[in-house]
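Visitor: One point on numbering: in numbering that gives the first Met the number 0, the residue at position 37 of the sequence shown is 36, and numbering is uninterrupted. Quick reminder that beta carbons are idealized off the backbone N, C-alpha and C, glycines included. Since the model is a prediction, treat every value here as computed from it, not as a measurement.
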Amino acid sequence: MGINHWPEGERPREKLLVMGPQALSDAELLAIFLRVGVAGRSAVDLARDLLAAFGGLRQLLEADQARFCAEHGLGTAKFAQLQATLELSRRHLASQLARGNALTSPALVRHYLSSQMRHLDHEEFAVLFLDTQHRIIRYESLFRGTLDSASVYPREVAKRALELGAGAVILAHNHPSGVAEPSDADRRITDRLSQALALFDVRILDHFVVGDGEVISFAERGWL
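#1: When DSSP labels each residue in this structure, what does Ser140 get in the three-state scheme?
#2: Just tell me which of Lys14, Gly55, Arg12, Leu112 has its CA closest to the CA of Phe124.
#3: Exposed or buried, which one is Thr75 when buried takes at least 16 other CB atoms within 10 Å?
#4: On the three-state DSSP scale, how would you describe Phe199?
#5: In the DSSP output, which residue or residues are listed as bridge partners for Glu123?
#6: Beta-carbon within less than 8 Å of Thr131's beta-carbon, same chain only, minus the 5 sequence neighbours each way: which residues are those?
#7: Indicate the three-state DSSP secondary structure (helix, strand or coil) for Val178 in the structure shown.
#8: Quick one, are the C-beta atoms of Ala195 and Ala157 less than 8 Å apart?
#9: Apart from the five residues on each side of it in sequence, which residues of its chain come closer than 8 Å, Cβ to Cβ, to Gly144?
#10: For Ser41, count neighbouring Cβ atoms within 10 angstroms of its own Cβ and tell me buried if that reaches 16, exposed if not.
#11: Please list the segments of the alpha helix (DSSP H) lying wholly inside the region 3 to 47, counting only runs of 4 or more residues, in order along the chain.
#12: Which one or two residues does DSSP pair with Ile188 in a beta bridge?
#13: Taking only the alpha-carbon atoms, compute the straight-line gap between Arg191 and Arg34 and give it to the nearest angstrom.
#14: DSSP state of Ser150, grouped into three classes?
#15: Under 8 Å, do Val126 and Ala179 count as touching if we go by C-beta distance?
#16: Mind checking which residues open and close the alpha helix (DSSP H) that includes His110?
#17: In angstroms, rounded to a whole number, what distance separates the CA positions of Gly54 and Met116?
#18: Straight-line CA distance for Leu198 to Gln58?
#19: Measuring CA to CA, which of Asp63, Leu85, Leu15, Asp185 is closest to Trp222?
#20: Consult DSSP for Ala59 and reduce its assignment to one of helix, strand or coil.
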């Protein structure tokens, strides 16, 4: 039976409009994105099949084009639509951060950094440059590494902070292993950056390590 023949309260789109998106399951949300199913399978059935095939929602959303398009019911048009949707979400988070003080929105900062870095299969080191009122000037990924390391140069971070007129920064890097626990090397480079930036009156407010579903804060650990 097609979704159009389901009771209205069970149809994903109508359910979302009445109860809000948080009330829907992953399969129901994905079904709205898919819009239609395939022969003999409703959009919800197809969504459940895809979640099982990929191993979950995150794996589906982060699949590359070849893997995504290989599944029945998907294709390049759906892949392009998904990438546009994900980028809109990232830009929405960035615009929310840009309007306010980064220190008043720690959850938003975490969410934004996770959206930028969690899916990466290599290590990246990024910086949120802030003005003296702790408002966002710019987010930049400055260093890219291998699967387990990235070379970070304090002089380059300080130079960029001066170019942007930053008064403070929030550091961030990801652990492609998925384990967010900071290493001794992470703490050492943070200390080096803190010393270098202090010479120019630029303060490090926090350093976040992004893992698989977890983002650890140096400030919350009392390391800054």
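Guide: Answer, in terms of the structure:
#1: Working through the sequence shown from its first residue, we reach residue 140 at position 141. Strand.
#2: The residue given as residue 124 occupies position 125 in the sequence shown. It is Leu112 whose Cα lies nearest to the Cα of Phe124.
#3: In the sequence shown, residue 75 corresponds to position 76, counting from 1. Counting Cβ neighbours within 10 Å, Thr75 comes out exposed, since fewer than 16 surround it.
#4: The sequence position of residue 199 within the sequence shown is 200, counting from 1. If DSSP states are grouped into helix, strand and coil, Phe199 belongs with coil.
#5: Taking the sequence shown and counting its residues from 1, the one referred to as residue 123 is at position 124. According to DSSP, Glu123 bridges with Arg143.
#6: Position 132 of the sequence shown, counted from the first residue, corresponds to residue 131. Answer for Thr131: Gly166, Ala167, listed in chain order.
#7: Working through the sequence shown from its first residue, we reach residue 178 at position 179. Of the three classes helix, strand and coil, the one that applies to Val178 here is coil, per DSSP.
#8: Within the sequence shown, the letter at position 196 stands for residue 195. Within the sequence shown, the letter at position 158 stands for residue 157. Contact flag set, yes.
#9: Along the sequence shown, read from residue 1 onward, the residue named residue 144 stands at position 145. Counting only Cβ-Cβ distances below 8 Å, and skipping sequence neighbours, we find His121, Glu122, Glu123, Phe124, Ser150.
#10: In the sequence shown, counting from the first residue as 1, residue 41 sits at position 42. Buried, by the Cβ-count rule.
#11: Counting only runs of 4 or more, we get 11 to 18, 25 to 33.
#12: Here the question's residue 188 lines up with position 189 in the sequence shown. Residue pairing by DSSP places Ile188 in no beta bridge whatsoever.
#13: Residue 191 sits at position 192 when you count from the first residue of the sequence shown. Residue 34 sits at position 35 when you count from the first residue of the sequence shown. Straight-line Cα distance between these residues: approximately 51 Å.
#14: As a working mapping, residue 150 is identified with position 151 in the sequence shown. Three-state result, Ser150: coil.
#15: Reading the sequence shown from its first residue, position 127 is the one you call residue 126. Reading the sequence shown from its first residue, position 180 is the one you call residue 179. It is not a contact, given that the beta carbons lie outside the stated cut-off.
#16: The count along the sequence shown starts at 1 and reaches residue 110 at position 111. Unbroken alpha helix (DSSP H) run through His110: 105 to 116.
#17: Counted from its first residue, the sequence shown places residue 54 at position 55. Counted from its first residue, the sequence shown places residue 116 at position 117. Going from the Cα of Gly54 to the Cα of Met116 covers about 20 Å.
#18: As a working note, residue 198 is residue 199 in the sequence shown. As a working note, residue 58 is residue 59 in the sequence shown. Near 43 Å, if we compare the C-alpha coordinates of Gln58 and Leu198.
#19: As a position in the sequence shown, residue 222 is number 223, starting the count at 1. Of Asp63, Leu85, Leu15, Asp185, the residue nearest in Cα terms is Asp185.
#20: One-based indexing of the sequence shown puts residue 59 at position 60. The residue you asked about is not Ala; residue 59 is Leu in the sequence shown. Three-state DSSP puts Leu59 in a helix.
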